[in-house]
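Heads up: the protein sequence lines correspond to chains A and B, in order. Read in order, the letters of the first sequence correspond to residues 24 to 367 in my numbering. Read in order, the letters of the second sequence correspond to residues 223 to 837 in my numbering. A virtual CB, placed ideally from N, CA and C, is assigned to each residue, including glycine. Working notes, beginning with the structure itself.
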Amino acid sequence: MTATSGLAGVPLAVTPLTRKDLASDQEVRWCPGCGDYAILAAVQGALADLGVRRENLVIVSGIGCSSRFPYYMNTYGVHSLHGRAPALATGIALARPDLSVWVVTGDGDALSIGGNHLVHALRRNVNLTILLFNNRIYSLTKGQFSPTSERGTVTKTSPEGSVDAPLDPITLALGAGATFVARAIDSDRELLADVLGAAAGHRGAALVEIYQNCPIFNDGAFDALRRKDAPALIRLRHGEPITFGDGLGVVRDPGTGRLAVARVAEVGTDRVLVHDAHDPDPTTAFALARLTDAPLTRAPVGVFRAVTAPVFDDDARAQVRMPAASDRLAALQRLVTGPDTWTV
Amino acid sequence: MADVATLDRVVIRFAGDSGDGMQLTGDRFTTESIFVGNDFATFPFYPAEIRAPQGTVAGVSSFQLHVGSWDILTPGDQPDVLVAMNPAALRANLGDLRRGGLIIADTAEFTPRNLEKVGYGSNPLTDDSLAGYELHALDLTGMSVRAVEQFHLGRKDAARTKNMFALGLLTWLFSRDPAHNLEFLDAKFAAHPQIRDANKAAYSAGYHFGETTESFTSRYHVPGASLERGTYRQVTGNRAMALGLMAAAARAELPLFLGAYPITPATDVLVTLAEAKDQGVLTFQAEDEIAAIGAALGASYAGHLGVTSTSGPGMALKTEMIGLAVMLELPLVIVDVQRAGPATGLPTKTEQADLLMALFGRHGEAPLPVIAAQSPSDCFDAAFDAARIALEYRTPVIVLSDAYCANGAEPWRIPDLSTLPAIDPRIATAPNGPGDSFQPYRRDERLARPWALPGTPGLEHRIGGLEKADVTGEISYDPLNHETMVRLRAAKIDGIGVPDLAVDDPTGDAEVLVVGWGSTWGPIGAAARRVRVGGRRVATAHLRHLNPLPANTGDVLRRYRTVLVPEMNSGQLALLLRARYLVDVQSYTKVRGLPISIGELEADLITLIDTQEAR
Numbered sequence: 024m025t026a027t028s029g030l031a032g033v034p035l036a037v038t039p040l041t042r043k044d045l046a047s048d049q050e051v052r053w054c055p056g057c058g059d060y061a062i063l064a065a066v067q068g069a070l071a072d073l074g075v076r077r078e079n080l081v082i083v084s085g086i087g088c089s090s091r092f093p094y095y096m097n098t099y100g101v102h103s104l105h106g107r108a109p110a111l112a113t114g115i116a117l118a119r120p121d122l123s124v125w126v127v128t129g130d131g132d133a134l135s136i137g138g139n140h141l142v143h144a145l146r147r148n149v150n151l152t153i154l155l156f157n158n159r160i161y162s163l164t165k166g167q168f169s170p171t172s173e174r175g176t177v178t179k180t181s182p183e184g185s186v187d188a189p190l191d192p193i194t195l196a197l198g199a200g201a202t203f204v205a206r207a208i209d210s211d212r213e214l215l216a217d218v219l220g221a222a223a224g225h226r227g228a229a230l231v232e233i234y235q236n237c238p239i240f241n242d243g244a245f246d247a248l249r250r251k252d253a254p255a256l257i258r259l260r261h262g263e264p265i266t267f268g269d270g271l272g273v274v275r276d277p278g279t280g281r282l283a284v285a286r287v288a289e290v291g292t293d294r295v296l297v298h299d300a301h302d303p304d305p306t307t308a309f310a311l312a313r314l315t316d317a318p319l320t321r322a323p324v325g326v327f328r329a330v331t332a333p334v335f336d337d338d339a340r341a342q343v344r345m346p347a348a349s350d351r352l353a354a355l356q357r358l359v360t361g362p363d364t365w366t367v
Numbered sequence: 223m224a225d226v227a228t229l230d231r232v233v234i235r236f237a238g239d240s241g242d243g244m245q246l247t248g249d250r251f252t253t254e255s256i257f258v259g260n261d262f263a264t265f266p267f268y269p270a271e272i273r274a275p276q277g278t279v280a281g282v283s284s285f286q287l288h289v290g291s292w293d294i295l296t297p298g299d300q301p302d303v304l305v306a307m308n309p310a311a312l313r314a315n316l317g318d319l320r321r322g323g324l325i326i327a328d329t330a331e332f333t334p335r336n337l338e339k340v341g342y343g344s345n346p347l348t349d350d351s352l353a354g355y356e357l358h359a360l361d362l363t364g365m366s367v368r369a370v371e372q373f374h375l376g377r378k379d380a381a382r383t384k385n386m387f388a389l390g391l392l393t394w395l396f397s398r399d400p401a402h403n404l405e406f407l408d409a410k411f412a413a414h415p416q417i418r419d420a421n422k423a424a425y426s427a428g429y430h431f432g433e434t435t436e437s438f439t440s441r442y443h444v445p446g447a448s449l450e451r452g453t454y455r456q457v458t459g460n461r462a463m464a465l466g467l468m469a470a471a472a473r474a475e476l477p478l479f480l481g482a483y484p485i486t487p488a489t490d491v492l493v494t495l496a497e498a499k500d501q502g503v504l505t506f507q508a509e510d511e512i513a514a515i516g517a518a519l520g521a522s523y524a525g526h527l528g529v530t531s532t533s534g535p536g537m538a539l540k541t542e543m544i545g546l547a548v549m550l551e552l553p554l555v556i557v558d559v560q561r562a563g564p565a566t567g568l569p570t571k572t573e574q575a576d577l578l579m580a581l582f583g584r585h586g587e588a589p590l591p592v593i594a595a596q597s598p599s600d601c602f603d604a605a606f607d608a609a610r611i612a613l614e615y616r617t618p619v620i621v622l623s624d625a626y627c628a629n630g631a632e633p634w635r636i637p638d639l640s641t642l643p644a645i646d647p648r649i650a651t652a653p654n655g656p657g658d659s660f661q662p663y664r665r666d667e668r669l670a671r672p673w674a675l676p677g678t679p680g681l682e683h684r685i686g687g688l689e690k691a692d693v694t695g696e697i698s699y700d701p702l703n704h705e706t707m708v709r710l711r712a713a714k715i716d717g718i719g720v721p722d723l724a725v726d727d728p729t730g731d732a733e734v735l736v737v738g739w740g741s742t743w744g745p746i747g748a749a750a751r752r753v754r755v756g757g758r759r760v761a762t763a764h765l766r767h768l769n770p771l772p773a774n775t776g777d778v779l780r781r782y783r784t785v786l787v788p789e790m791n792s793g794q795l796a797l798l799l800r801a802r803y804l805v806d807v808q809s810y811t812k813v814r815g816l817p818i819s820i821g822e823l824e825a826d827l828i829t830l831i832d833t834q835e836a837r
């Protein structure tokens, strides 16, 4: 039997939760104007909307500004080590199918020091929802370039501009075989709520990249996308043609198969690519992710990919057969004794 | 027909190319020993390369077996019998053989090319250089090939049965009943009748060759041992470790979770537990050592008995997560099957050089219990004890084993699991603070904090690597609170009850005390026994708990004029004992990747005792 919802097996709340029920009594200590405030509010709202019990929510984080997240949630939570949240979360998810397990991480945490764990959690398809707050900077250590900083970013450790090529979390996740990949923006509450709900409902690993503004060390990094009607926003909606900005659309070059941006009026509506998030082949999702440019003038947001695949923790548990409590010691005694014994 | 001579013990080493099946041959001979009721200890010795170049010294794989009529403590250091399947095996092992010992060598492999490969200028089987030994140069390959002719195997497959021919010959030489192995071959190769019949034929041919040849003047018989009454099985250290962990989980009525990454010589712990899914064991083969312990810690947080198993290089990588486990105060067992280091070192060879890393190798003040296993079967008890302490005190616990314990095997009196102590994990079910609040760092009488599992309503709480406020567990940067917490964490570990250090001093008036830890237990015990048989006095004591140390340790050390501390490292326990107790212990160290030699230790002890008594 294969569960289809990410929340299958998680007990439901008797009385619906509100956003306030999920706020802990701790004072929130992010900098004024930090994008994390908006994300916290959106996550609290989205989690309340899931309808599951508060005590069955577990939030695991690594290290960085975003990783303080669990302290502000009145749920179970672990603030773990830099980069290692997916590892702890994998253990929790394997151990307990009745928990909804969330990972909160940042670009440095998930993609630099913890890149290995992220890749493996995704390719295994562990039933986790991973929220990757991407502010393209190391903020907690006061402003050094991160693995998602654009080339040329001037920081304290790159005074003449960063010469590191940036990593794109979406293409990385797709390359790792992730079954659910989405992008949202801290400033778009509605989009964030939609994506979080879809991610929580996905059975398997869901990666949600959230563009998050750091007002102190990388202010304005996503200004091109902040307005709801920003022409740079390419909104992906399953089953709908991909259009954006002032009459632009995404089309496929019939010769090369590559994606390109064209004026819809010039190429005709029929040629505009219709988004298929359920396409088993990730090639088009990858090509869509590659439309994100630098400096940032356009970026797709929404769900790139949502497909069904075997779920690691479900399959691992299915192989385990715990003897009945009354027989457990006897069963183990048989194993301890083994087939070859002799008596003195 | 040869005479039968009775021996009370014998050490046999099977040595050949790593593809020659020496491990299987040794294992089968061990099983035959079981049927005659011998006590035994075994030690496989294999190269780090799976198939090193054929016929080279680097590619030699061997299996040593010590069988006897009484209380065998170690696999022995000087073989009495060497089976050498090629020149490389002879070259690599001859130095260890007892002078006058028996050599069985396969002449077919002693070709000019093979001799040259290992630097023999002339053939040692014919040049009289082995005159000091009882040499039996036999064409094992040729005789095997002829014995299996009727099965029409390829030349290569036919020659591969030579290990069974050699085993058959040894079966005869040691007056064993060949029926057991014939049955074993029936079962092992049931699906391959041709291979089955060929192996049986080669085995029988080896046995009959012994009977008909006149080259052996004597057969041997090692009578059964008078072991303590009970039902026994053979067990390796890694298997016993896995079983001990399972037993602890069962007695705590918790699921067992192992997160591990394959690493020599610890992999068999993972393999054994991966095969125990019908015992409710969940194993997670992680992407790396860090994820392995991270997932185990996550599983512990979620209410399983979380365990990770590794060796030195993996310990180095897990260091930060062990520190987190100290801070989170969650149960976690870390099994370190030590191997020779640093770096990759000698991956298949034994050493005890991770002691100080286990005790102190973390940033910040991060004390935790450290327990050492002293023999293959003792890994069961060490694992059980470690898990019990981890669960009762909410702490990571390191269990130190080593390649010698892990791969060695010995008879094990099978424990009755229902007589093992029950472990109460005391999982929190209700609020413990004012106004029905939950205080995750409010401690019990053991100073252990409550273990509240996700899914429990009303106990929602957040934990993490940042310093905790005493009692409430909230983040605290307060200097005095940090000091309080550092001291509380230390006091919790120091307060763990460990049994007093027992001293074995048969005459009660020895002046020299030998203190060991871990797998030196066997060599120290055997050397001390030989010293005593020679009429000298010596006391021994062995530490299972390295942290906290038994309360009487200082008193025991001060009671003796000389304290000798043998270790397979550069003196790590000695450093600790000197620092902790201001006792001028003498360090005795060997770092060759091999168990401490009983013969050497015996001789050195005799010198030490005699010098001391002359003073």
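query	result
Below-8 Å beta-carbon distance, A/Val38 vs any chain B residue	Checking the sequence, you will find Thr at residue 38 of chain A rather than Val. No, A/Thr38 does not count as interfacial toward chain B.
Test: A/Arg42 CB closer than 8 Å to a CB of chain B	no
Per DSSP, cross-strand counterpart(s) of B/Thr530	B/Gly481 and B/Ile556
Opposing strand residues paired with B/Val491 [DSSP bridges]	B/Val491 pairs with nothing; no bridge assigned.
Alpha-carbon spacing of A/Asp191 relative to B/Asp558, whole angstroms	38 Å
Proximal residues to B/Ala761 (C-beta, below 6 Å), its chain only, five neighbours per side dropped	Val725, Asp727, Ala732 and Leu735
Cβ shell of A/Asp297 (< 6 Å), same chain only, five flanking positions each side left out	The residue asked about is misnamed: residue 297 of chain A is Val in this sequence, not Asp. Once the five neighbours on either side are set aside, the close Cβ partners of A/Val297 are Pro264.
Chain-ordered chain B contacts of A/Leu368 [CB-CB under 9 Å]	A question about residue 368 of chain A goes unanswered here, because the residues of chain A that appear run from 24 up to 367.
DSSP three-state assignment for B/Ser792, whether helix, strand or coil	coil
Helix, strand or coil at B/Met579 according to DSSP, with G and I counted as helix	helix
Candidates B/Tyr810, B/Asn774, B/Leu669 and B/Ser623, of which the one nearest B/Met537 by Cα	B/Ser623
Residue interval of the beta strand (DSSP E) (run including B/Thr453)	Thr453 to Thr458
Span of the beta strand (DSSP E) around A/Trp125	Ser123 to Gly129
Own chain residues within Cβ distance below 6 Å of A/Ala31, not counting five before or after	none
Segment limits, beta strand (DSSP E) that includes B/Asn769	His767 to Asn769
Status (buried if at least 16 other CB within 10 Å, exposed otherwise) for B/Thr651	exposed
Sheet register partners of B/Ala208 (DSSP bridge)	The displayed coordinates of chain B run from 223 to 837. Any statement about residue 208 of chain B would go beyond what the structure contains.
Close Cβ partners of B/Met365 (< 7 Å) along its chain, the five nearest in sequence each way excluded	Phe387, Ala427 and Phe431
Distance, B/Pro275 Cα to B/Ala306 Cα	17 Å
Residue environment, B/Glu331, which counts as buried when at least 16 other CB atoms sit within 10 Å	buried
Residues bridged to B/Val211 (per DSSP)	Residue 211 of chain B lies beyond the range of chain B shown here (223 to 837); nothing can be said about it.
Proximity to B/Ser819 [Cα-Cα], best of B/Asp230, B/Val529, B/Leu552 and B/Pro297	B/Pro297
Minimum Cβ-Cβ distance from A/Gln235 to chain B less than 8 Å	no
Per-residue burial, A/Pro303 [other beta carbons within 10 Å of its own, 16 or more giving buried]	exposed
Contact with chain B by A/Asp338, beta-carbon distance below 8 Å	no
Contacts of B/Glu587 in chain A (Cβ-Cβ under 7 Å)	Under the 7 Å cutoff, chain A gives no residues; its nearest Cβ is about 18 Å from B/Glu587.
Proximity below 8 Å, CB of A/Ile257 to CB of A/Ala322	yes
Separation of B/Ala508 from B/Gly459, as counted between CA atoms	23 Å
For B/Thr839, three-class secondary structure by DSSP	Absent from the structure is residue 839 of chain B, since the part of chain B shown begins at 223 and ends at 837.
Proximal residues, the segment 98-110 of chain A versus chain B, C-beta separation under 7 Å	Thr98, Tyr99, Gly100, Val101, His102, Ser103, Leu104, Arg107 and Ala110
A/Leu104 beta carbon less than 8 Å from that of A/Ala82	As written in the sequence, residue 82 of chain A is Ile, which differs from the Ala given in the question. No.
DSSP bridge partner residues for A/Pro323 (one or two, in chain order)	A/Ile257
A/Ile62 vs A/Asp209 beta-carbon contact at 8 Å	yes
Local Cβ density within 10 Å of B/Ala353, reported as buried at 16 or more and exposed below that	exposed
The segment 251-281 of chain A: positions lying closer than 7 Å to chain B by Cβ	none
Bridge-paired residues (DSSP) for A/Cys237	A/Asn241
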